[in-house]
Amino acid sequence: MAKFPDFDLEGKRIFMQETDAFVERFEIFNARLRLTDDPDIKGIVQKMNVQFLEANMSQESLIEGFKQYAEVLRKLLDEEERTADPVKLQALREAVRAMAPGSRLPNLSALTVDDLEAIRDPKAYAAVIEVSQNPLALEKYRDRPALYSLLKKLLYRQGA
696 MAKFPDFDLE GKRIFMQETD AFVERFEIFN ARLRLTDDPD IKGIVQKMNV QFLEANMSQE
756 SLIEGFKQYA EVLRKLLDEE ERTADPVKLQ ALREAVRAMA PGSRLPNLSA LTVDDLEAIR
816 DPKAYAAVIE VSQNPLALEK YRDRPALYSL LKKLLYRQGA
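If you read the sequence shown in my numbering, its first letter stands for residue 696, the second for the next number, and so on.
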């Protein structure tokens with residue numbers, strides 16, 4: 696099964712449109728659940744809220760996570776559309792894989808504006824490739840905090 700980083704540009708655009716539509720439908724669904732007078736549905740919602748709380752989440756934080764993830768993917772897609780450099784393209788794909796749902800990143804909010812800026816830095820692309828191939832090379836980037844932070848997250852995702 697193909698994954699977002701492996702889609703061509705048109706496939707990524709379609710994925711983003713479908714993601715936006717999904718988030719919108721999910722928000723409407725959750726609003727309807729909250730507004731219902733049906734006691735059975737209210738009981739289900741209460742049980743869901745307990746489960747969310749056990750996971751240190753809420754329905755709203757789940758939706759916000761979807762939105763944040765979509766926004767990061769959209770920015771990376773925009774960047775991919777602007778570059779033809781194969782090294783940059785590979786680094787962008789690695790960055791997207793590191794943020795994929797189910798990755799070992801604690802959550803999407805762990806990505807910072809500095810991370811996104813680091814991805815835009817032409818030297819960062821080479822660093823991502825280098826560190827993904829040789830995790831010990833991470834120490835070379837300690838004096839660049841934003842890049843260092845991003846590289847650590849990518850390594851954490853890879854399990855290095």
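Where a beta carbon is used, it is the ideal one built from N, C-alpha and C, also for glycine. From a predicted model like this one, the values you see are computed outputs, not experimental measurements.
Only counting the same chain, and skipping five residues up and downstream in sequence, which positions put a Cβ closer than 8 Å to that of residue i?
i: R769; result: M711
i: D704; result: According to the sequence shown, residue 704 is Leu rather than Asp. Excluding residues within five positions, the ones whose Cβ falls inside 8 Å are L772, E775, E776.
i: Y836; result: A822, V826, L842, Y843, L846
Should residue i be labelled buried (16 or more other beta-carbon atoms within 10 Å of its own) or exposed?
i: P700; result: buried
i: A822; result: buried
i: K848; result: buried
i: E713; result: exposed
i: A779; result: exposed
i: K818; result: exposed
On the three-state DSSP scale, how would you describe residue i?
i: D715; result: helix
i: E835; result: A small fix is needed here, since residue 835 is Lys in this sequence, not Glu. Here K835 sits in helix by DSSP.
i: F721; result: helix
i: K698; result: coil
Could you name the residues of the same chain whose beta carbon sits closer than 6 Å to that of residue i, not counting the 5 residues immediately before and after it, in chain order?
i: V826; result: A832, L833, L846
Are the C-beta atoms of residue i and some chain C residue less than 8 Å apart?
i: A786; result: Going by chain labels, chain C is absent from the structure shown, which holds only one protein chain.
Give every residue of the same chain whose Cβ lies closer than 7 Å to the Cβ of residue i, excluding the five residues on either side of it in the sequence, and list them in chain order.
i: E789; result: V823, S827, L849
i: A765; result: M711, T714, D715, V718
*Where in the region 727-784 do unbroken runs of the alpha helix (DSSP H), each at least 4 residues long, occur, reported from the N-terminal end onward?*
734-749, 754-777
_At least 3 beta-carbon pairs within less than 8 Å: the region 776-792 vs the region 724-743_ = no
*Say whether the region 761-768 touches the region 738-753, bearing in mind that this needs 3 or more beta-carbon pairs closer than 8 Å, one atom from each stretch.*
no
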